[in-house]
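**Student:**
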Amino acid sequence: MHTDDHWISTPLTADLLRGALDLERTEHGLLPHRLPARARAQCSDPQLAMAEAQPSGVRLVLRTRATTVELDTLPTKRNYVGAPPRPDGVYELLVDGVPTGRGSVTSGHTLTIDMTAGTTEREPGAPGTVRFTDLPDTDKTVEIWLPHNETTELVALRTDAPVEPAPDPGRRTWLHHGSSISHGSDATGPTGIWPAVAASLGGVELINLGFSGGALLDPFTARTIRDTPADLISLKVGINIVNHDLMRQRAFAPAVHGFLDTVRDGHPTTPLLVVSPILCPIHETTPGPCAPDFTGIGEGHLRFRAMGDPAEVPLGKLNLEVIRAELARLVADRAKSDPNLHHLDGRDLYGEKDAEAHPLPDDLHPDAPTHRLMGRRFAARAFTAEGPFAP
């Protein structure tokens, strides 16, 4: 960390950040949240608490002539008992929209998770620094995308020239909600998650409410979307409902209706796209719950299994085939009186042919190239002239 006189320290404030819905003042600095405090208070699930505090889609956006930028952060690393260490979270730098640098912070807190015992142990750590150098000596917009899968407290920002908040780019704001796939799952960097790829191609500002394991039609999430300014909204619904074996068919459609009603209370005419699940072979005909298979975890090969009984689907258990049919029917019915409501079959983003060419590595989540493929396909279906998010 530098203390030379030529370094300029800039306070980290909300006007430098995009994609976060709340900022918590901590002992060390600022912790971005993707759910507001009122929503967080209504759920005690530690998985959701971890997911919403991981800054997927959150970025610092600055206007500056600086040629060097340093950001001190305090990450929380996750380790899993019996598995190899996880890679450090990735920070990505964009200059006027062009990818220019990548880096990581190796220090930080450590959260050790024992998935078989259901326990966690936290070991405190120290902040570290990610540094970007040799930037052009011109007025420019600098974006630092925070790691999508690593809780990140922002501690300090230093540059070798003054910094100010970047002006409003005048782009539409797209708010997306979904599961771990929307959160970023196995993408290798924050701009490589499929919503970020689609947002870049669509020329929109992203608010990503993709929560690993947390797309469960929670009322507090619906109220969060209702109360967040947005020009475009998409909801990717279904896979977590099946993973958790959360509800039966009798409850599913009314829950979707209630979620949409709440969103429409705040966004009565906003283009709203409901996206059904991508292809997931283990859950197409087999209901949940979903459970990890630890057989290869020592070599870093965690896989997932569907544990439900297909014979129970006629009794109301949910698989992905049922979910997709229900969503298509429900959206078609509502669209008769809501012309700004649209539907997209998730298999248009990742379908049977894709599963042959790009199988899901853990049987549940797409890999990095598939994230980019899904982002391109979403942009082509949503943001073009004939799409629901047409300019």
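Counted from 1, the sequence shown has number 1153 at position 195 by this note's numbering; the numbering is strictly sequential.
Every residue gets a Cβ at the ideal spot worked out from N, C-alpha and C, and that includes glycine.
Check for me: the alpha helix (DSSP H) holding H1215 runs from which residue to which?
**Tutor:** Q1207 to G1224
**Student:** Might you give, ordered along the chain, the residues of its own chain that have their beta carbon closer than 8 Å to the beta carbon of T961, omitting 5 neighbours on each side?
**Tutor:** Because T961 sits at a pLDDT of 48, beneath the cut-off of 50, its placement in the model cannot be relied upon, and the following sentence gives the value as read from the coordinates. There are no such residues.
**Student:** Output the distance between the C-alpha atoms of G1128 and E1079, rounded to the nearest integer angstrom.
**Tutor:** So the two alpha carbons sit approximately 45 Å from each other.
**Student:** Would you decide whether G1168 is buried or exposed? Buried here means 16 or more other CB atoms lie within 10 Å of its CB.
**Tutor:** buried
**Student:** Which same chain residues end up closer than 8 Å to P1004 when comparing Cβ atoms and leaving out the 5 residues on each side of it in sequence?
**Tutor:** T1078
**Student:** What's the C-alpha gap between S1158 and M1332?
**Tutor:** Roughly 13 Å between the two C-alpha positions.
**Student:** Does P1153 come out as helix, strand or coil in the three-state DSSP assignment?
**Tutor:** helix
**Student:** Following the continuous beta strand (DSSP E) through T1078, name the residue where it begins and the one where it ends.
**Tutor:** Note, T1078: beta strand (DSSP E), T1077 to E1081.
**Student:** Answer yes or no: do V1048 and R1089 have a C-beta to C-beta separation smaller than 9 Å?
**Tutor:** no
**Student:** Give the secondary structure of P1346 by DSSP, where H, G and I count as helix, E and B as strand, and everything else as coil.
**Tutor:** coil
**Student:** What do you get for Q1012, buried or exposed, if any count of 16 or more other CB atoms within 10 angstroms of its CB means buried?
**Tutor:** buried
**Student:** Would you check if there are 3 or more beta carbon pairs closer than 8 Å linking the stretch 1278-1285 to the stretch 1200-1207?
**Tutor:** yes
**Student:** Taking the alpha-carbon positions, what's the A1249 to T1096 distance?
**Tutor:** 52 Å
**Student:** Nearest by alpha-carbon distance to T1110: which of A1041, C1001, T1031 and P1187 is it?
**Tutor:** T1031
**Student:** Note the first and the last residue of the continuous beta strand (DSSP E) segment covering L1051.
**Tutor:** Y1049 to V1053
**Student:** Report the start-end ranges of each beta strand (DSSP E) in the stretch 1159-1211 that is 3 residues or longer and not cut off at the edges.
**Tutor:** 1163-1168 and 1190-1194
**Student:** Within 10 angstroms of the Cβ of M959, are there 16 or more other Cβ atoms? Answer buried if so, exposed if not.
**Tutor:** Unreliable placement is indicated for M959, whose pLDDT of 43 sits below 50; the coordinate value is still reported in the next sentence. With fewer than 16 Cβ atoms within 10 Å of its Cβ, M959 is classed as exposed.
**Student:** Count the other CB atoms within 10 Å of the CB of E1163; is the residue buried (16 or more) or exposed (fewer)?
**Tutor:** buried
**Student:** Where does the unbroken alpha helix (DSSP H) through K922 begin, and where does it stop?
**Tutor:** Nothing about residue 922 can be reported from this structure: the residues present for the chain run from 959 to 1349 only.
**Student:** Tell me the DSSP secondary structure of T961 in three-state form.
**Tutor:** Because T961 sits at a pLDDT of 48, beneath the cut-off of 50, its placement in the model cannot be relied upon, and the point is left open.
**Student:** Could you pull out every residue in the same chain whose Cβ sits closer than 6 Å to the Cβ of R1305, ignoring the five residues on either side in sequence?
**Tutor:** For R1305, the CB contacts under 6 Å within the same chain, skipping 5 residues up- and downstream, are L1237 in chain order.
**Student:** Which of the three DSSP states is assigned to A1007 in this structure?
**Tutor:** A1007: helix per DSSP, three-state reduction.
**Student:** Relative to the alpha-carbon of L974, which residue among T1091, A1009, L1006 and A1114 has its alpha-carbon at the smallest distance?
**Tutor:** A1114
**Student:** Given a threshold of 16 other Cβ atoms within 10 Å of its Cβ, counted over all protein chains shown, does E1122 qualify as buried or as exposed?
**Tutor:** exposed
**Student:** Express the C-alpha separation of A1293 and N1201 in angstroms, rounding to a whole number.
**Tutor:** 28 Å
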